[in-house]
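One gets this note's numbering by counting positions in the sequence shown from 1 and adding 168 to each. Ideal Cβ placement from N, Cα and C applies to all residues, glycine included. As structure tokens, the structure follows; a few thoughts come after it.
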Amino acid sequence: MAGFTGPTGAYAREVPFGAGCRIAVKGSHVAATCHNSYVDSDRVALHIECARWWDIDMDSAPVEVGPARTVRLTGRCWKEIGSVRMTHERVG
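Right, dumping it as structure tokens:
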């Protein structure tokens, strides 16, 4: 096709992205396993909010998950876990 430059508009924004992450909490320990089944790399980070006001919350350093790669991130609180979340950022 002459002049065709590829998808544009809404279709171009629907390209699948992001590693799928499973989070396991056991006591005061957290482990997240993320697998990227897409072409674009994903930069993931683990964020832990501790339940006690005096317990220091934890944010991991971002880790790049390339295509068909799996990474494991861990962290902990001294006492109970309040909440856990992952953040994703497209690389490149």
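Opening and closing residue of the beta strand (DSSP E) in which Gly243 lies: 237-244
Bridge-paired residues (DSSP) for Glu257: Arg211
Exposure of Ile224, with buried meaning 16 or more beta-carbon neighbours within 10 Å: exposed
Pick from Thr242, Ala229, Lys247, Glu248 that is closest to Arg190, judged by C-alpha positions: Thr242
Per-residue DSSP class, three states only, for Val183: coil
Reduced DSSP secondary structure (H/G/I, E/B, other) of Gly188: strand
CB-CB length for His215 against Arg253, believed under 8 Å: 5 Å
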